[in-house]
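Taken in order, the sequence shown gives residues 168 to 406; the numbers are from our numbering. Ideal Cβ placement from N, Cα and C applies to all residues, glycine included.
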Amino acid sequence: MKRFFGREAVVLGLLGAAVFCAIALAVRNAERSASARYLQNDGAAVARVDQPGEVARVERALKAMQLVAVVIETSVTSTKADESWRGDVTAKVTVPVRLLFGSDLQHAKVSRVELGPLGRSVQIIAPVPKRLGAEIDTLKESTDLSLGWLRFRTRAGEYTLGQARKGLSAAVDELTLSVDQQQSVREQTRERIRELLQLCLTGEARTTGVLINEPRIDVLFQDELGGVLDTRPHTDGGK
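In structure tokens, the structure reads:
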């Protein structure tokens, strides 16, 4: 029984990691290719910042980026119990979890573009980041097992641990981020949008210091005046 659960955990862990990495890689590749396409097709407009249609150009840059994603690392615990006159069994399994959040920039809006002698100021209103996927690392699990006086680890203990492992997926679905983690998702997403939009508008990525023609980019989320980050998984394309 113990060997079965260990093998099951390894297979599920490797499969989950492969799927999660594929999603994250696809999003990153989409970000890079979108920026490259925009610079190739619309980059000629970068040289003139005082031309009409500046708002439309920023909107095209946003639409080209499509989806911006960030990863948050946390943990989740699944607990199962079995009560009996022979003694109770309580099993807890805790594993690391990586959560992928994304903001769909197809629905972003340009609320302000200001041109002045010192450069441009752009304000963007972006959709709140939503959860796209999760990776459960079962290879790094920690367990806590409490056994009653006539209950044995080799039977009741391993069985209850197995039930706790099976509950990990549901525990991840119900996982809610802390306030600090929610803020981290927002700030990482905000900074990623700034970086990609700056690349599209100037043709340069900041490495150190300040770019000569670097625009000031302010990113607000649609619920910035109040609300809670939606940490539940979404499969409806953000609708």
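Secondary structure at Gly-329: helix, using DSSP grouped into helix, strand and coil.
With contacts defined as CB atoms closer than 9 Å, Val-260 and Arg-332 qualify as a contacting pair.
Closest option to Arg-361, judged by alpha-carbon separation, among Ala-293, Ser-242, Glu-240: Ala-293. Spanning the alpha carbons of Arg-224 and Leu-344 requires a straight line of approximately 36 Å. Secondary structure note for Ala-236: its beta strand (DSSP E) is the uninterrupted segment 234 to 249. Inter-residue distance for Ser-251 and Thr-241 is about 34 Å (C-alpha atoms, whole angstroms).
For Ala-301, the uninterrupted beta strand (DSSP E) run begins and ends at 297 to 303, by DSSP.
The three-state reading of DSSP puts Ser-336 in helix, counting H, G and I together.
Look at Leu-229 here: in three-state DSSP terms it is helix. A straight-line Cα-Cα distance of about 11 Å links Glu-325 and Arg-318. The three-state secondary structure of Gly-269, taken from DSSP, is strand.
Residue pairing by DSSP places Pro-263 opposite Ser-242 in a beta bridge. In this model, Ser-245 and Ile-303 are separated by some 12 Å (Cα to Cα). For Leu-312, the beta-bridge partners assigned by DSSP are Ala-258.
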